[in-house]
C-alpha cells in the first residue's frame, strides 16, 4: 500500500525494450535506498512495481504488457523523471490517502492555468465510465500523488497544486496533451458501487410489485 505522498523524483537511466515487456532502470536518490531489496514494492508514477535488480543506486523494474497498456510508463524515455514512493509500513503517517498502486486508466492534460499563487490543471479522463467515482472534494491519485479533486465537468476534472507539490513531483513540468496515471480512491468506488447496487435492487423490487398488482 501507498499514501500518495511522493518521496522523490528520479530519472530513468536505461530501458531494455522487448515485445510487450520492458525493464526500466531508475537512479534512486540516496534517501530512498535504505533497506531496499529485490522483491520490494515501489510506486512508480503511481504504479506498483517490484524491484528486480539492485546495482548500487540503480534499481531495475520489469513492466508487463498490461502495465504498458494501462499506464503512461511505456511512453517514458531515458532521462524522463518518475515520481517514487516506497511502500508504506504499519505506523507510518498517512499524509495523503491509502492507495493500492493499481492504475485504472490514464488522463490527458487538457488545460493549465498558472498565476502567481495558483497552479490549476484540468484533466480529460480516457475511460468515461470512471467519472462517477470522481467527485468534488474527493480523493484521486494522479501519477502517484494524492490530490483533492476541484471542479468536475462532464469527463473533465481539475486539481489545484501548491508550490511543494510542484517542486516535489513531476506535475509542475507537465504540458498540454501529456498523459498521467489515474488511480480512483477505493473507498469512493466502494460507496458509489454500493449505492448504485442498492438503487438497482430497489428499482427491480418496485417493478416486481407493479407487475404483481396487474
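Numbering (UniProt numbering), first residue to last: 1 to 214. All C-beta atoms in this analysis are idealised placements derived from N, C-alpha and C, irrespective of residue type, glycine included. Since we're looking at a predicted model, the values are computed, not measured.
- The straight-line gap separating the alpha-carbon atoms of residue 31 and residue 10 is approximately 12 angstroms.
- In the three-state DSSP reduction, residue 131 falls in the helix class (H, G or I).
- Residue state for residue 41 is assigned as strand, using DSSP reduced to three classes.
- Here the alpha carbon of residue 135 sits roughly 13 angstroms from the alpha carbon of residue 129.
- Residue range 186-213 is occupied by the alpha helix (DSSP H) that includes residue 193.
- The DSSP-derived three-state label of residue 175 is coil.
- In the three-state reduction of the DSSP assignment, residue 167 falls in the helix class.
- Judged by DSSP secondary structure, residue 76 falls outside any alpha helix (DSSP H); it is assigned neither H nor E.
- Contact check for residue 3 against residue 98 passes: the beta carbons are separated by less than 8 angstroms.
- For residue 16, the enclosing beta strand (DSSP E) covers residues 8-18.
- With respect to the 8 angstroms criterion, residue 70 and residue 45 are not classified as neighbours on the basis of their beta carbons.
- Contact between residue 51 and residue 37 holds: their C-beta atoms lie close to 7 angstroms from each other, under 8 angstroms.
- Contact annotation: the segment 107-121 touches the segment 168-176, with at least three C-beta pairs closer than 8 angstroms.
- For residue 55, the enclosing beta strand (DSSP E) starts and ends at 47-55.
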